[in-house]
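One structure is given below, encoded as structure tokens.
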Amino acid sequence: MNSLIKLELARALRNRKFLFFSVLYPSILFLIIAGKADSTTKVDGSGLTIPTYMMVSMASFGALTAVLMGNSERIAKERESGWVRQLRLTSLPGRGYVLAKTASAAVVSLPSIVVVFAVAATVKHVRLEAWQWLALTGSIWAGSLVFAALGVAIGYLATGDAVRPITMIVYFGLSMLGGLWMPATTFPQWLQDIAKWLPTHAYAALGQAIEQSQAPHSKDIAILVVFFALFAGGAAWLYRKDTLKA
Amino acid sequence: MTMTAETATATAVVAFDQVTKSYGDVRAVDGLTLALHPGETVALLGPNGAGKSTTLDLLLGLKHADSGSVAVFGTSPREAIVAGRVGAMLQSGGLMEEVTVAELVRLACDLHPKRFKVEDVLTRAGIGQIADRKVNKLSGGQAQRVRFALATAGDSDLIVLDEPTTGMDVSARQAFWATMREQADQGRTVLFATHYLEEADAIADRVLVLHRGRLLADGTAAEIKAKAGARSVRFDLEGAIDEAALHGLPFLTSIDVSGQTVRIQSSDADATVHALYGLGVYPRNLEVAGLGLEQAFVAITEAEEAKQS
Chain P
881 MNSLIKLELA RALRNRKFLF FSVLYPSILF LIIAGKADST TKVDGSGLTI
931 PTYMMVSMAS FGALTAVLMG NSERIAKERE SGWVRQLRLT SLPGRGYVLA
981 KTASAAVVSL PSIVVVFAVA ATVKHVRLEA WQWLALTGSI WAGSLVFAAL
1031 GVAIGYLATG DAVRPITMIV YFGLSMLGGL WMPATTFPQW LQDIAKWLPT
1081 HAYAALGQAI EQSQAPHSKD IAILVVFFAL FAGGAAWLYR KDTLKA
Chain D
27 MTMTAETATA TAVVAFDQVT KSYGDVRAVD GLTLALHPGE TVALLGPNGA
77 GKSTTLDLLL GLKHADSGSV AVFGTSPREA IVAGRVGAML QSGGLMEEVT
127 VAELVRLACD LHPKRFKVED VLTRAGIGQI ADRKVNKLSG GQAQRVRFAL
177 ATAGDSDLIV LDEPTTGMDV SARQAFWATM REQADQGRTV LFATHYLEEA
227 DAIADRVLVL HRGRLLADGT AAEIKAKAGA RSVRFDLEGA IDEAALHGLP
277 FLTSIDVSGQ TVRIQSSDAD ATVHALYGLG VYPRNLEVAG LGLEQAFVAI
327 TEAEEAKQS
């Protein structure tokens, strides 16, 4: 399976569009959103400055982009083209294909997190303790697995034609409503009530808790665990269905 | 063959026993029983929709039979694949895009328990020249060769190819046959699906004819060719027609007399027409036409059914 991971990774690193959107785009968005903000204005109710707050949002957004886009579209297209069938004629274990996709997406999502941090630290002078940087990287990276599972589920659910619009709707919907692009506290109350149950909101909240030197809220962890179980379970079920049908 | 079912299964490379697979109301494979033996080069011949691809999918474990059993080297298809005993090329076998031919072949070699060297696989498949080309920039024939390379990335005992020469022109097809024959000459069992009788004739030493999911004929290419080489003969006769005499014509597979027009299907039209003149009649508007493979299959089916009833 390692050779498949290597090849998937080589391919992802050659795809400039994918690299731009997952590695550079979140940093650019960060600069646009946090660019004019001074380093003293606090985001309502968080005690964090706008750059500090948005740094975690954008790192989460970048990781989300890498794992969701990396999985869903490729899987749907390769299922349709018959590559998935061809792989089933090799000694690769059945789950190997999905695991290789997720592993290679995870390798790309790491730089997308780190680049946002680097830009935030150098350009917007965000300062945190060393343990906070490490904990942030770890939690955002690990949390992206929730969306990797979602990507796999979409990949097995959608046809090759429908996969891009479906992915885009889910991607922008989750990003915006979850408060990755602007703090959910700026939303009207009814929208905030919805937003706080979204996995993307809980995902960013993990990182923001670390920035506040707090332990992540158990409610956010619970939301992420439930969504992970839901997405991974759905992906497994769709995968089995697809395998029996193909 | 006088082997019992058990010994046949024990020594067989592939053994289908009463295998049935339906899609809704359509029986794609209908009570199929067959055995392939080590070293054979076997063509699975049939018109489109005969059940060839479904048969291969069942053999490779991509589909599961509704009833009956499929064994490959005495185990399940999946076990045989994991053990590296089977290499296969699918008709609809998409390829991973945006990687080079060499990278993809290297992956196939890495995934094979009894892998060959990448360079050797590329050379043997005739794609050494295009090793650095991106997979999504290949012509149809080149892509087929890459698929063939994936199927022959290791020392498999059975090579399965589903319509391997689709999308190739005549010269490419013949070059490809030579590549296939090499595999057979190394003692491998080769099974390939095709709807070209010519292809079966050129490579296979055994031909299985599939029609509507049933095994219609099983023999050497020459035998099948004789059966499928049927022609239709049509002529008009004047006056009273002696039907009994016409029925006695040699090589008839079917005959239909309506009014003054006689339609015959014959497995040796030359001999049939010769004998027709020998009856002392004078056929007018004589037409002799070849039957397409599909019609020839129908002719064989009807002949088989007539024999049974």
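Protein sequence lines, in the order shown, are assigned to chains P and D.
If you're matching positions, the first sequence starts at 881 in the numbering used here and goes up one per residue.
If you're matching positions, the second sequence starts at 27 in the numbering used here and goes up one per residue.
A virtual CB, placed ideally from N, CA and C, is assigned to each residue, including glycine.
- Minimum Cα-Cα distance from G927 (chain P) among the listed residues P:Y905, P:K916 and P:I1090 corresponds to P:I1090.
- Taking C-alpha positions only, A1028 (chain P) is separated from E1009 (chain P) by approximately 29 Å.
- Just measuring C-alpha positions, the residue of P:I1020, P:G1031, P:K1004 and P:S971 sitting nearest K981 (chain P) is P:G1031.
- Look at E1009 (chain P): its C-beta is not under 8 Å from any C-beta on chain D.
- By DSSP's assignment, D262 (chain D) forms a beta bridge with D:T287 and D:R310.
- Residue state for G1087 (chain P) is assigned as helix, using DSSP reduced to three classes.
- Residues are counted here when their Cβ sits less than 7 Å from a Cβ of chain P; for the stretch 144-168 of chain D the count is zero.
- With respect to chain P, the C-beta atom of G304 (chain D) has no partner C-beta closer than 8 Å.
- For W963 (chain P), the C-beta contacts it makes with chain D under 7 Å involve G120, L121 and M122, in order along the chain.
- With a threshold of 8 Å between beta carbons, S883 (chain P) makes contact with chain D.
- With a cutoff of 8 Å on beta-carbon distance, A247 (chain D) and V259 (chain D) are scored as not near each other.
- Judged by beta-carbon spacing, V307 (chain D) lies beyond the 8 Å limit of R257 (chain D), meaning their Cβ atoms are not closer than that value.
- Among the bridge pairs identified by DSSP, M115 (chain D) is matched with D:L187.
- In this model, P276 (chain D) and A69 (chain D) are separated by some 29 Å (Cα to Cα).
- Within the model, the alpha-carbon separation for R150 (chain D) versus E225 (chain D) is close to 20 Å.
- The beta carbons of Q170 (chain D) and I153 (chain D) sit no closer together than 8 Å.
- According to DSSP, residue pairing for D43 (chain D) in a beta bridge involves D:S95.
- If you draw a 10 Å sphere on the C-beta of V52 (chain D), you find fewer than 16 other C-beta atoms in it, and that means exposed.
- Among the residues of chain P, those whose CB is under 8 Å from the CB of E129 (chain D) are L887 and A890, following chain order.
- Contacts with chain D at 8 Å (Cβ-Cβ) include S971 (chain P).
- Within the stretch 941-968 of chain P, the residues whose Cβ lies closer than 7 Å to some Cβ of chain D are E958, S961, G962, W963, R965, Q966 and R968, listed in chain order.
- DSSP places F218 (chain D) outside any alpha helix (DSSP H); the residue lies instead in the beta strand (DSSP E), whose first and last residues are T215 to T220.
- Of the residues assessed, D188 (chain D) falls on the buried side of the cut-off, its CB having 16 or more other CB atoms within 10 angstroms.
- What D51 (chain D) touches in chain P, judged by beta-carbon distance under 9 Å, is nothing: the nearest beta carbon there is about 17 Å away.
- At a beta-carbon threshold of 7 Å, the residues of chain P lying near A114 (chain D) are L969, ordered along the chain.
- Looking at P:V988, P:S907, P:I1020 and P:M949, the one whose alpha-carbon comes closest to that of K886 (chain P) is P:V988.
- In the displayed model, I281 (chain D) falls within a strand according to three-state DSSP.
- By the Cβ-count criterion, K897 (chain P) is exposed, with fewer than 16 other Cβ atoms from all chains shown falling within 10 Å of its own Cβ.
- In summary, W1117 (chain P) is exposed, with fewer than 16 beta-carbon neighbours lying within 10 Å of its beta-carbon over all protein chains present.
- A Cβ-Cβ separation of about 7 Å places W1021 (chain P) in contact with A943 (chain P) under the 8 Å criterion.
- As a beta-bridge residue in DSSP terms, V233 (chain D) pairs with D:A69 and D:G245.
- At least one beta carbon of chain D lies nearer than 8 Å to the beta carbon of R894 (chain P).
- With fewer than 16 other Cβ atoms inside 10 Å of its own Cβ, W1011 (chain P) counts as exposed.
- Note on N311 (chain D): under 16 other CB atoms within 10 angstroms of its CB, so exposed under the neighbour-count rule.
- When the five nearest sequence neighbours on each side are left out, the beta carbons in the same chain lying within less than 7 Å of the beta carbon of L948 (chain P) are those of F1027, L1030, G1031, T1047 and Y1051, in order along the chain.
- No residue range can be given for A109 (chain D), since it is assigned to no beta strand (DSSP E) and is classified by DSSP as neither H nor E.
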